[in-house]
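Structure first, then comments.
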Amino acid sequence: MHFNRIHRSSERLLSTVHRGTAFEKRASSLLMEHMSMSLTRVGGSYDGGVDLIGWWWLPSGQPSTCADWSIANRRRLRILAQCKAEKRKVGPAYLRELEGVVYKHVATAALESPSSHIPQATISTPTEPPPVAVLVSESPFTRNCLLAAHTSLLPFLLVHLPPSGPGPLGAVFGNPALVSERGLLRGELEIRWERDAAMAGNGRPGLWWQGHPLPNWTPDSGVGTTPLIQPSL
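So our numbering is basically just the index in the sequence shown, starting at one, shifted up by 695.
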């Protein structure tokens with residue numbers, strides 16, 4: 696009897712791990728395809744609370760048309776993401792957890808940076824932008840979670856990827872620290888609700904940059920004509 700309980704408990708644990716791993720892979724793929732992010736799974740007991748790490752590839756400059764957007768005019772922002780494949784709604788506790796992970800990552804990176812050993816007055820390089828915290832969930836976010844993200848000083852992106860539905864993206868929310876005119880992206884990124892006749896009248900969230908749909912600008916996407924070396928993670 697005792698052995699059977701242990702066996703059932705082990706099966707549930709393996710099922711949870713497999714489900715979480717599958718969701719992380721799905722999230723990485725969809726964020727690349729629809730949100731121009733190139734992410735790598737971290738995983739393991741030494742992941743520091745980060746499930747996916749990588750870059751968000753965005754335009755730089757002031758292109759007048761989409762044709763002006765080449766790889767040469769591309770910039771990147773660091774992404775730190777957590778993935779939650781749970782049936783219950785995601786509350787503010789998960790958001791606060793990711794906040795702590797990001798602050799710890801920033802502090803650790805500052806200590807490990809060669810510039811940390813140089814007197815501040817001698818550093819001439821511009822300050823690196825803060826990482827963007829991305830919380831990806833298979834279930835919706837609670838109202839309190841959205842309110843907590845809205846008031847956070849960290850740039851936050853909340854992404855709902857439902858297990859089934861008319862489209863791969865259920866909802867995307869960017870907080871003021873990310874998308875407002877005073878935020879990291881200076882109001883250049885918009886999250887719009889797009890409607891498609893092929894989706895039987897349903898819609899999906901889409902990212903727009905300066906009034907144009909944001910293309911997939913990851914190094915593997917083939918966008919643009921100017922080669923760019925993919926940085927190491």
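Built from N, CA and C at the ideal position, the CB exists for glycine as well.
Residue state for SER733 is assigned as strand, using DSSP reduced to three classes. Out of TRP752, ARG770, GLN777, the CA that lies nearest to the CA of ARG721 is found in GLN777. Cβ contact annotation for VAL785 (same chain, cutoff 8 Å, sequence separation greater than five): LYS779, LEU830, SER832, SER834, PRO835, PHE836, THR837, CYS840, in chain order. Only residues of its own chain outside the window of five on either side were considered, and among them GLN777, ALA828, LEU830 have a CB closer than 6 Å to the CB of LEU793, listed in chain order. For LEU848, the CB contacts under 8 Å within the same chain, skipping 5 residues up- and downstream, are ALA872 in chain order. If you look at LEU852, you'll find it in the beta strand (DSSP E) that goes 851-855. For VAL712, same chain residues with a beta-carbon under 8 Å away, outside a window of 5 residues either side, do not exist.
When the beta-carbon positions are compared, GLY862 and ARG887 stay at least 8 Å from each other. Between the alpha carbons of LEU842 and LEU880 lies a distance of about 20 Å.
When DSSP reads this structure, LEU725 sits in no beta bridge, so it has no partner. Taking a contact as a CB-CB distance under 8 Å, the pair TRP903 and GLU885 counts as one, their CB atoms being some 4 Å apart. For the options PRO857, LEU852, VAL801, ASN768, the alpha carbon positioned closest to that of VAL874 is the one of LEU852. DSSP, reduced to helix, strand and coil, places ARG899 within a strand of the structure shown. Around ALA717, the same chain offers ALA780 as residues with beta carbons nearer than 8 Å, after the five sequence neighbours per side are excluded. Restricting attention to GLU807, ALA844, GLY738, HIS800, the CA atom closest to the CA of PRO825 is found in HIS800.
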